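The opening residue of the sequence shown carries number 8 in my numbering; numbering runs sequentially from there. Following: one structure in structure tokens, then a few remarks.
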Amino acid sequence: MPDPLHPDAPQTDPAPSDALYDELLELALEAARRAGTLLRDGRPADLGVAATKSSPIDVVTEMDLASEKLITGFLGEHRPEDGFLGEEGASSDGTSGIRWVIDPVDGTVNYLYGLPAWSVSIAAEKDGEVVVGVVAAPMRGETCQAVVGRGAFNNGERLRHRPAPPLSQALIGTGFGYLAERRAGQAEVVRRLLPQVRDIRRGGSAAIDLCDVACGRLDAYYERGLNPWDLAAGALIAREAGALTGGRPGKPVSQELTLAASPALFEQLQPLLDELGAWHD
């Protein structure tokens, strides 16, 4: 594209990855917007249950399935060679090197009960690396987004994590699994952690909690048992806002443990959580 101030300067095209990431971000934003509108406006008063997951508490609703179908249909129409990994069963490898990681309703129980803390989470991986992330929270009127290397934004406003407080003044977000045995272990970790921090918050949507670290609404967030679709977009957004993410010391985020925090707090909290056994049942 010519430079209007320097028309004789050599013309350079954007790097191929820039154009690709722009396209992926635009598609993710539109898919999340459409799914969020469907979920917000289409939620029936007598929300039916389509199936169950690992326990009667962990439900898959008809709207979960409708949201994922909308997202995969929209993305597949525009990029038919991409792969998918979705919470409600979408799974294909694709041939383009791009895979979409989708949580059509993150915070399903909140959604069922009419609580506002639910979201639509869409991430795009390129050759296994998350490069684009979008988390739309319709009941908040917020959409957080990030592209690797470009920073994170909420409704167009650049995000930055909260400066690290002393551990004793840190507000920590967490979450609990659906199975009773895991919840018992997680409760014991909280019992031992709570006296050492300002307080604990449990929001019910991992994607929103990770974005709240990016927004400076939480000093840190940790949880055991998250799946790729729970954390892919939110973890990228947290990192692009300057936070660190990881699992046990020396390991990346995983089902074993996910932690996001400002760098100085991360250095304190990661070994503490490891010592408390937050990584095992």
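Where a beta carbon is used, it is the ideal one built from N, C-alpha and C, also for glycine. Small disclaimer: the values here were computed from a predicted structure and weren't measured.
Between which two residues does the beta strand (DSSP E) carrying Trp107 extend? Taking the sequence shown and counting its residues from 1, the one referred to as residue 107 is at position 100. Per DSSP, the continuous beta strand (DSSP E) segment holding Trp107 begins and ends at Ile105 to Asp113.
Any beta strand (DSSP E) of 3 or more consecutive residues that is wholly inside the segment 200–279: Here the runs fully enclosed are 206–209, 227–230, 251–253 and 265–268.
Considering Glu37, what are the terminal residues of the alpha helix (DSSP H) in which it resides? Here residue 37 refers to the residue found at position 30 when the sequence shown is read from its first residue. Here the alpha helix (DSSP H) through Glu37 covers Pro23 to Gly49.
Boundaries (first-last residue) of the alpha helix (DSSP H) holding Phe81: Taking the sequence shown and counting its residues from 1, the one referred to as residue 81 is at position 74. Its alpha helix (DSSP H) spans residues Glu69 to His85.
Curious, which full-length beta strand (DSSP E) runs of at least 3 residues does the segment 117–197 contain? The qualifying runs are 126–133, 136–144, 149–154, 159–161 and 178–181.
Integer-rounded CB distance, given that Pro111 should sit under 8 Å from Ile78: For this step, residue 78 is matched to residue 71 along the sequence shown. For this step, residue 111 is matched to residue 104 along the sequence shown. Sure, about 6 Å apart at Cβ, within 8 Å.
Should the segment 144–158 be called in touch with the segment 178–188, which here means at least 3 C-beta pairs below 8 Å? Taking a contact to require three or more Cβ pairs closer than 8 Å, the segment 144–158 and the segment 178–188 do not qualify as touching.
On the three-pair Cβ rule with 8 Å, is the segment 160–172 touching the segment 222–236? Taking one beta carbon from each stretch, the segment 160–172 and the segment 222–236 have 3 or more pairs nearer than 8 Å; the two touch.
So which of Ala239, Leu46 and Gln176 has the shortest CA-CA distance to Arg106? Here residue 106 refers to the residue found at position 99 of the sequence shown. Nearest C-alpha to Arg106: Ala239.
For Gln277, count neighbouring Cβ atoms within 10 angstroms of its own Cβ and tell me buried if that reaches 16, exposed if not. Position 270 of the sequence shown holds residue 277. When all chains shown are included, Gln277 counts as buried.
Could you check which residue in Gly163, Arg231 and Val204 has the C-alpha nearest to that of Gln193? Here residue 193 corresponds to residue number 186 of the sequence shown, with the count starting at 1. Taking the Cα of Gln193 as reference, the smallest distance to any Cα among Gly163, Arg231 and Val204 is reached at Arg231.
Would you list the one or two residues that DSSP bridges to Gly90? As a working mapping, residue 90 is identified with position 83 in the sequence shown. As a beta-bridge residue in DSSP terms, Gly90 pairs with Arg106.
Tell me whether Gly101 counts as near the ligand SAM, meaning its Cβ is closer than 7 Å to at least one heavy atom of that ligand. With respect to the ligand SAM, the structure shown offers nothing to examine, as it has no ligands at all.
8 Å Cβ cutoff, Val142 in contact with chain B: Going by chain labels, chain B is absent from the structure shown, which holds only one protein chain.
Report the CB separation of Val204 from Ala285 in whole angstroms; it is logged as a contact under 8 Å. By one-based count along the sequence shown, residue 204 stands at place 197. By one-based count along the sequence shown, residue 285 stands at place 278. Going by Cβ atoms, the distance from Val204 to Ala285 rounds to 13 Å, so no, they are not a contact pair.
Would you call Asp288 buried or exposed, if buried means 16 or more other Cβ atoms sit within 10 Å of its Cβ? Residue numbering aside, residue 288 sits at position 281 when the sequence shown is read from its first letter. An exposed status is given to Asp288, since fewer than 16 other beta-carbon atoms sit within 10 Å of its beta-carbon.
In or out: Asn162 buried (at least 16 other Cβ within 10 Å) or exposed? Here residue 162 corresponds to residue number 155 of the sequence shown, with the count starting at 1. Under a 10 Å Cβ-count criterion, Asn162 is classified as exposed, with fewer than 16 other Cβ atoms of the shown protein chains found around its own Cβ.
Arg41 and Pro145 closer than 8 Å at C-beta: Here residue 41 refers to the residue found at position 34 when the sequence shown is read from its first residue. Here residue 145 refers to the residue found at position 138 when the sequence shown is read from its first residue. At least 8 Å separates the beta-carbon of Arg41 from that of Pro145.
C-alpha distance - Leu27 paired with Gly104, whole-angstrom precision: In the sequence shown, counting from the first residue as 1, residue 27 sits at position 20. In the sequence shown, counting from the first residue as 1, residue 104 sits at position 97. One C-alpha to the other measures close to 12 Å.
Which word fits Asp71, buried or exposed, when buried means at least 16 other C-beta atoms lie within 10 angstroms of its C-beta? As a first step, residue 71 is located in the sequence shown; it is residue number 64 there, counting from the start. Label assigned to Asp71: buried.
Looking only at its chain, what residues have a beta carbon closer than 8 Å to the beta carbon of Asp134, apart from the 5 residues adjacent to it on each side? For the purposes of this step, residue 134 is taken as residue 127 along the sequence shown, with counting starting at 1. Same-chain partners within the cutoff: Gly104.
Between the alpha carbons of Tyr185 and Pro23, how many angstroms are there, rounded? In the sequence shown, residue 185 corresponds to position 178, counting from 1. In the sequence shown, residue 23 corresponds to position 16, counting from 1. The straight-line gap from Cα to Cα measures roughly 43 Å.
Measuring CB to CB, does Glu75 end up less than 8 Å from Gly93? The residue given as residue 75 occupies position 68 in the sequence shown. The residue given as residue 93 occupies position 86 in the sequence shown. In this structure, Gly93 lies closer than 8 Å to Glu75 by Cβ.
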